[in-house]
Amino acid sequence: MPSAENQQQLDIAAERAKCTFDPSQLTALFYGGEEKMKRLKAIEAMVDREPVFDRTDRYFLGRTERFKRALPMVKRYVELRNEHGLTPEESAHLKVYIDDYIPVHLHESMFLPVLRSQASDEQLKVWGPHAENYHYIGCYAQTELGHGSALSRLETTATLDLETDQWVINSPTQSSAKFWIGTLGKMANHAVVQAKLIIKGKDYGAHPFLVPLRSLKDHTPLPGVVIKDQGPKQGAISMDNGYARFNHVRIPRTNMLMRFSQVSKEGVYSKPIHPKLAYGGMTAVRTTLINHSALSMARAVTIATRYSAVRRQGNVDLKTDLETQVLDYPAVQYRILPLLSHAFATIFSGYWMNEMYAQYNADITKGDTSLLKDVHVYSSGLKSYCTKLGADGIEEARRCLGGHGFSLFSGMIDFHRQFLATVTYEGENALLTQQVSRYLLKLYKDVIRKPDMHLSPPSRYIVSLVDHGRFVQQRCAARSMAELYHPEIILKAFQHRAARLIFELAQAEKQGAQWSDLNLECMRLSKAHVQYIMIENFHNGLEKRYNTSPTPTPEQENLLAAVRSVYNLHVFYTLETELAEFLEDGYFSPEQASWARQALKDSLRAVRPNAVGFADCFGFTDKFLNSALGSYDGRAYERMAEMTEYEPLNGKEMTDEKGVVWGYEEFLRPLIFGEVGPYKARKGESKL
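Heads up: the sequence shown begins at 1 in full-length UniProt numbering, then just goes up one per residue.
Here it is as structure tokens:
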């Protein structure tokens, strides 16, 4: 019988041998196409060659050490970007693969995008070269100690001094201090500050201003600017999230970002063509977070799937001495494999959102704001849903690793800590559901007044509510479990559920319910709408990419069948999780509900043989995963033991050549030799 270590390698090889498709055929999907994959893989190889990005001992470093380690990473990152002329997309992938929140991360993911989208062409001619070349190291300062993404509630003020033609930036209260601002604590010398624009006593709401923070000569904080690092946090410990207060700091009037709003020297305010244009920075980041969620779910499921395939526990088959592979237990499949399907669903919805956002950016330069509401609402809804899906799914995958999942060596904890922040920044998830619900409610009211109005594809199902008498008679058309697999039947079911929740929200409001009392209804509606969008995007995406040939080869047929099995798993896991909402108005019958549950079990069984192949298709290298349990070769236990060699407690500073720990003579020997007095439990009253 082979050793546990050898058995793990045999198991992982057997898993790959039974895969029904070539995983490399799907890797390009994850990277966005064959050509893009080649470029991004070259960037990954470049990172692996650079000693400064080595992560071997990362799990043993504290916050100060991680920050110090990140500084040379920053310099080398910018050098590589400049040396190879990387595009913004390639630069972003370089940062992803470095796999650490290097302190200038927000310079490129927030500061630059806001400058590019909100500064005028004239301003960009002046500021752009400095910002692009890191002469200006910037951050985006919106969140305050007392307020987050609610722009209307921000307290920082920018008051126009007409005599000097300057803005006076001020933090009037402790709660108005800018807080949680990445890159601010130690690195940034400029910030785009969101502040209330005040002219002659009139408040025009939050607007962005370019505010110098530190001297460009010696990096000292400028007069009136108090900056600190905000302190330890759960994750992203290399990032210098900061705190800043402004004490009547003066900047030129022209430092207001003026692409959409302008203020003349005489104090005349010109409003933007659409009031929501100020949300452009958050919308861009929310779109990015959808893609980040997909990557993080894929990373977690890669580790969990590989380890569960080589980890053996219990013995179901008494005919063999081998214990059962953990991934063969249905309960484990139910906990791990849906995360795989969610990763795929999020990838397809990420592509859909990216295309919409790119079109919006192209339109907005021409003064066309027609896509603004859709972009804002769908980026908010998808951000809210996908980041929660990821945060919950990664934790569930970690728990499936058993006791070893509690070790940093698992490769799951460090990146999960960083990911957890996504559920609250750029809009707290529960709050964002209200924005989605408000939008859908408004569309419903508009459709009732004008049934032939134009609706974008994701919301066209709302028209079904015009004839409410007919709507309430709708029932699922599936006459067998096989028919439940038909995409049109599934999409119709998710449309009906979302439409019903819109109608119920409208009725509650009509009957006098306060909006603040409808938070739970908003959460349910937003989730229903987003789940419908994700299922539709998944279906459309896989058909567009993998069902293109009228005479497919056997390899193409196998690939399409494999991806469809993952699609079915996503559909039926989502359906089973939300089954009550399909039953409560009678749209599903109890029999159809039982079919859905059986279809979920069947989908798990269909995906199981290809599970390791699907994990491989994401293309993560062992260096990126940095996981003893999730390595490609399956040597989980050997790698766990190998990684203990890097533990500082096992090094010379803490252990002598005989293997005795530091402090033995002073602290341990007196205990062992009874030199601290005898112990006798006290009886009677305390003498303390």
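Cβ atoms here follow ideal geometry from the backbone N, Cα and C, with glycine treated the same way.
Source: prediction; values computed, not measured.
* Measure from the alpha carbon of residue 641 to the alpha carbon of each residue in 476, 415, 425, 404, then state which is nearest. => Position 641 of the sequence shown, counted from the first residue, corresponds to residue 641. Here the closest residue by C-alpha is 404.
* To do: Report yes if the CB atom of residue 160 is closer than 8 Å to the CB atom of residue 263, and no otherwise.
  => Numbered from 1 along the sequence shown, position 160 holds the residue referred to as residue 160. Numbered from 1 along the sequence shown, position 263 holds the residue referred to as residue 263. Yes, they are a contact pair.
* Compute the distance between the beta-carbons of residue 167 and residue 251, then report whether it is under 8 Å. => What you label residue 167 is simply residue 167 of the sequence shown in a count that begins at 1. What you label residue 251 is simply residue 251 of the sequence shown in a count that begins at 1. Residue 167 places its beta carbon less than 8 Å from that of residue 251.
* In three-state terms, what does DSSP make of residue 400? -> Position 400 of the sequence shown, counted from the first residue, corresponds to residue 400. Residue state, collapsed to three classes: coil.
* Measure from the alpha carbon of residue 619 to the alpha carbon of each residue in 22, 9, 5, then state which is nearest. => The sequence position of residue 619 within the sequence shown is 619, counting from 1. The residue with the shortest Cα to Cα distance from residue 619 is 22.
* Can you round the beta-carbon distance between residue 104 and residue 137 to whole angstroms, since I take them to be within the 8 Å contact cut? -> Walking along the sequence shown from the start, residue 104 turns up at place 104. Walking along the sequence shown from the start, residue 137 turns up at place 137. Rounded to whole angstroms, the Cβ separation of residue 104 and residue 137 is 6 Å, and the two are in contact under 8 Å.
* Residue range of the alpha helix (DSSP H) that residue 660 falls in? -> Looking up residue 660 in the sequence shown gives position 660. It is not in any alpha helix (DSSP H) - residue 660 carries neither H nor E in the DSSP assignment.
* Whole alpha helix (DSSP H) runs in the segment 33-90 with 4 or more residues, listed along the chain? -> 34-49, 63-84
* DSSP state of residue 285 mapped onto helix, strand, coil -> Here residue 285 is taken as the residue at index 285 of the sequence shown, counted from 1. Note: residue 285 maps to helix in three-state DSSP.
* So, are the CB atoms of residue 194 and residue 142 less than 8 Å apart? -> Counted from its first residue, the sequence shown places residue 194 at position 194. Counted from its first residue, the sequence shown places residue 142 at position 142. Yes, the pair counts as a contact, with Cβ atoms nearer than the cut-off.
* Asked: Out of 324, 284, 346, which has the shortest C-alpha to C-alpha gap to residue 691?
  -> Because the chain in this structure spans residues 1 to 688, residue 691 falls outside the shown range and cannot be described.
* According to the Cβ coordinates, are residue 627 and residue 411 closer than 8 Å? -> For the purposes of this step, residue 627 is identified with residue 627 of the sequence shown, where counting begins at 1. For the purposes of this step, residue 411 is identified with residue 411 of the sequence shown, where counting begins at 1. Residue 627 is a Cβ neighbour of residue 411, given a cutoff of 8 Å.
* Asked: Taking the beta strand (DSSP E) that residue 128 falls in, what are its first and last residues?
  -> On the sequence shown, residue 128 is found 128 positions in, with the first residue counted as 1. Residue 128 -> not in any beta strand (DSSP E); alpha helix (DSSP H) instead, spanning 121-132.
* Pull up the distance between the alpha-carbon of residue 238 and that of residue 110, whole angstroms please. => As a working mapping, residue 238 is identified with position 238 in the sequence shown. As a working mapping, residue 110 is identified with position 110 in the sequence shown. Using only the alpha carbons, I get a separation of about 17 Å.
* To do: Whole angstroms is fine: what's the gap from residue 654's alpha carbon to residue 667's?
  => Taking the first residue of the sequence shown as position 1, residue 654 is located at position 654. Taking the first residue of the sequence shown as position 1, residue 667 is located at position 667. Taking the straight line from one Cα to the other gives about 14 Å.
* Asked: Should residue 145 be counted as a contact of the ligand NAD given a C-beta to heavy atom distance under 7 Å?
  -> Absence of the ligand NAD from the depicted structure is noted, as is the absence of any ligand whatsoever, leaving it without description.
* Asked: Which first and last residues belong to the beta strand (DSSP E) in which residue 159 is found?
  -> For the purposes of this step, residue 159 is taken as the residue at position 159 of the sequence shown. From DSSP, the beta strand (DSSP E) with residue 159 extends over 157-161.
* Pull up the distance between the alpha-carbon of residue 395 and that of residue 416, whole angstroms please. => In the sequence shown, counting from the first residue as 1, residue 395 sits at position 395. In the sequence shown, counting from the first residue as 1, residue 416 sits at position 416. Residue 395 and residue 416: Cα-Cα distance of roughly 8 Å.
* To do: Count the CB pairs spanning the segment 425-434 and the segment 448-458 that are closer than 8 Å, and state whether there are at least three.
  => no
* **Beta-ladder partner(s) of residue 229, from DSSP** => The residue given as residue 229 occupies position 229 in the sequence shown. Residue 229 pairs with 242.
* Determine the DSSP secondary structure at residue 103, reduced to helix, strand or coil. => Counting from 1 along the sequence shown, the entry for residue 103 is found at position 103. Coil, per DSSP.
* Asked: When the Cα of residue 484 is compared with those of 164, 553, 592, which residue comes out closest?
  -> Here the question's residue 484 lines up with position 484 in the sequence shown. Residue 592 is the option with its Cα nearest to residue 484.
* Asked: Where residue 669 and residue 53 are concerned, what is the direct C-alpha to C-alpha distance, given to the nearest angstrom?
  -> Within the sequence shown, the letter at position 669 stands for residue 669. Within the sequence shown, the letter at position 53 stands for residue 53. So the two alpha carbons sit approximately 42 Å from each other.
* To do: Leaving out five residues on either side along the sequence, give the residues of the same chain with a beta carbon under 7 Å from the beta carbon of residue 538.
  => Translated into the one-based positions of the sequence shown, residue 538 becomes position 538. So the qualifying residues of the chain are 344, 345, 348, 567, 570.
* Entirely within the segment 554-595 and at least 4 residues each: give me those alpha helix (DSSP H) ranges in chain order. => 554-577, 579-583
* Asked: With contact counted as at least three CB pairs below 8 Å, one residue from each stretch, are the segment 466-476 and the segment 545-561 in contact?
  -> no
* **Element boundaries [beta strand (DSSP E), containing residue 170]** => For the purposes of this step, residue 170 is identified with residue 170 of the sequence shown, where counting begins at 1. Counting along the chain, the beta strand (DSSP E) containing residue 170 begins and ends at 166-170.
* To do: Give me the Cβ distance between residue 375 and residue 357, rounded to the nearest whole Å; I'm assuming they're in contact under 8 Å.
  => Here the question's residue 375 lines up with position 375 in the sequence shown. Here the question's residue 357 lines up with position 357 in the sequence shown. 6 Å between Cβ atoms; contact.
* Asked: What separation, rounded to the nearest whole angstrom, lies between the Cα atoms of residue 663 and residue 656?
  -> The count along the sequence shown starts at 1 and reaches residue 663 at position 663. The count along the sequence shown starts at 1 and reaches residue 656 at position 656. For residue 663 and residue 656, the distance between alpha carbons rounds to 11 Å.
* Asked: Excluding the five sequence neighbours on either side, which residues of its own chain have a C-beta within less than 6 Å of the C-beta of residue 147, listed in chain order?
  -> Looking up residue 147 in the sequence shown gives position 147. Closer than 6 Å at the Cβ level, and outside the excluded window around residue 147, lie 153, 154.
* To do: Determine the direct distance from the alpha carbon of residue 393 to that of residue 31, and round the result to whole angstroms.
  => Position 31 of the sequence shown, counted from the start, is the residue given in the question as residue 31. Position 393 of the sequence shown, counted from the start, is the residue given in the question as residue 393. Spanning the two alpha carbons is a distance of roughly 22 Å.
* In its own chain, which residues sit with a C-beta less than 8 Å from the C-beta of residue 586, not counting the 5 before and 5 after it? -> Working through the sequence shown from its first residue, we reach residue 586 at position 586. Around residue 586: 475.
* To do: Would you kindly work out how many angstroms separate the C-alpha atoms of residue 258 and residue 115, rounded to a whole number?
  => Residue mapping note: residue 258 aligns to position 258 of the sequence shown, counting from 1. Residue mapping note: residue 115 aligns to position 115 of the sequence shown, counting from 1. Distance between the alpha carbons of residue 258 and residue 115 is about 10 Å.
* To do: Please check the pair residue 533 and residue 386, which I expect to be a contact at CB under 8 Å, by giving their CB distance rounded to whole angstroms.
  => On the sequence shown, position 533 is the one that residue 533 refers to. On the sequence shown, position 386 is the one that residue 386 refers to. Contact doesn't hold; Cβ gap of about 11 Å is too wide.
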